[in-house]
Each structure stands twice: as C-alpha cells, then as structure tokens.
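In UniProt numbering, the protein residues as written are 1 to 245.
Below you can see the structure in the form of structure tokens.
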C-alpha cells in the first residue's frame, strides 16, 4: 500500500481488558482512509462491542471544533482473531458495512469492519479470488520456520515480511520484548482459567445449597421436624425454620 502513515503503533497492554491483544496499529493511507488493525488471541464477552466502540471513536476523533461532517474520512477496522468470532457462518473473512437488510441499499461506506478468523482458515485454498488473504493468514498462523520458508516463496511481500521477521528474531531486545509479552499472555490466560474453575466450584456449591433447600421444603411439607431435616440436608435448624411459610 503506497503512501501509508503509521499513526499509532503499539503493543496494547495498558488497560486490563487489553491484556490479550497482540497488536494494535492505526494507519492513515495516502487517500486519507484510517485503518485500525488489531490481533486478538482469545475471545471476550464484549469483543464485538469493543470493535464497534473503537471504530466509532476513530470517526469521532476526526472532528475538531468548527469542522464539518464532510471532513470525515473512511474508517476501516481489521480484526484478526485466533478464535471463532462470527459463529453464524464458516467463512474466515467477513466484511461488514451499513446496508438495509431488505433492499441491500448501502446507507454509508464511512465505516467498515473486516474480520479475519484464523480458527476458520482452511488448510487448502478453496477460492482463488481470496488467495492473497489466505496466504497472509497462513503466514500469521505459521507454526514453524519451515512453513514460513514455504510461504515466503508464494508472494514477494510475504518473502519480505519473512526476512524482516527473521531479522527481528535475532534482535535481543525485540526477542526479549516478544518473550515477555508471551509470558504476560500465558499468565493472563492462567488467571482467567483459574477464575473460571473457581466460578464452576462456586456454581456447584450454590447448586448443592439450592437442592438442600428444595429437599428441606418438601420435608417440611410432609411433617418432618427441623432437626430431622437438618440431619438429612446439612442445613442449620435456623435456616430450615426460615423456610416455613
């Protein structure tokens, strides 16, 4: 892409909700279009909302005091995920714009969201028209150096990217930053899994409590004493007495 300007390149890690974001780069093209490119490695409940907020902010931030709406340039979000984001179809590439559902009339092209899902990427090219996208995603998803070398032979741009990647991997500072980022992601994933396990255990305990209360209510209805029910359910006599209606 000729005439691009890197507006805001950074590895996102400042906000606690961005701990699993690998890359976030904002680019301005020669024509003025603004691109927001983000790579995410794990899904969150608010992923789609975050993307919508991000691209809306790009639109909003373009206007200064006294500007007219005509000055707004197109904003394009490119979200690359290592998980399935769009569950409604099997396509690894989706492009979302503002259309009328019935007539397919476009309302505006000022905002566009592109999703590229590595988890859906087929091992074999199934559509020649998407060859370049498929190759680039294969590059991002490459498992080892052998696969990178194979992909480097497909497109000159991928060959150049592979060369740069290998050169950067030899840079001790860059490699240390990359390894530190990997550790951060692993730690965050570990914390999330631990919280999930704790949530499951809490849910189990709550389920046991609800079952005990249900048994206690039924036992009261058939005339058992609070002491008897306490022995059966493990609830205290006070808890059982509070269930009497």
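Yeah, the Cβ is synthetic: ideal placement off N, Cα and C, and Gly gets one too.
- In this structure, DSSP gives residue 79 an extended state, which the three-state scheme calls strand.
- If you draw a straight line from the Cα of residue 38 to the Cα of residue 80, it is about 6 Å long.
- Residue 172 sits in a helix when the DSSP states are folded into three classes.
- In this model, residue 231 and residue 244 are separated by some 17 Å (Cα to Cα).
- Around the C-beta of residue 129, fewer than 16 other C-beta atoms lie within 10 Å, and the residue is accordingly described as exposed.
- Counting along the chain, no beta strand (DSSP E) covers residue 244, and no H or E run does either.
- According to DSSP, residue pairing for residue 111 in a beta bridge involves 75.
- In terms of Cβ geometry, residue 106 and residue 96 do not form a close pair [threshold 8 Å].
- CA-to-CA, the gap between residue 48 and residue 236 works out to about 46 Å.
- The C-beta distance from residue 168 to residue 158 rounds to 15 Å, too long to meet the 8 Å contact threshold.
- Taking C-alpha positions only, residue 110 is separated from residue 137 by approximately 26 Å.
- Closest option to residue 42, judged by alpha-carbon separation, among 83, 126, 206 and 68: 83.
- Annotated three-state conformation of residue 94 is strand, per DSSP.
- Spatial neighbours of residue 90 in its own chain (CB-CB distance under 7 Å, excluding positions within 5 residues in sequence) are listed in chain order as 120.
- The beta carbon of residue 125 lies closer than 7 Å to those of 131 and 134 in the same chain, with the five residues before and after it left out.
- In the displayed model, residue 63 falls within coil according to three-state DSSP, outside both helix and strand.
- For residue 63, the number of other beta carbons within 10 angstroms of its own is below 16, and it is reported as exposed.
- For residue 116, the secondary structure class from DSSP, reduced to helix, strand or coil, is strand.
- Boundaries of the alpha helix (DSSP H) harbouring residue 149: 145 to 152, taken from the DSSP string.
- Residue pairing by DSSP places residue 99 opposite 106 in a beta bridge.
- Taken atom to atom, the span from the alpha-carbon of residue 208 to that of residue 216 is near 12 Å.
- Sorting 58, 73, 50 and 52 by C-alpha distance to the C-alpha of residue 30 places 73 at the top.
- Pairing residue 77 with residue 27 gives a Cβ-Cβ distance that is not under 8 Å.
- If you look at residue 131, you'll find it in the alpha helix (DSSP H) that goes 131 to 140.
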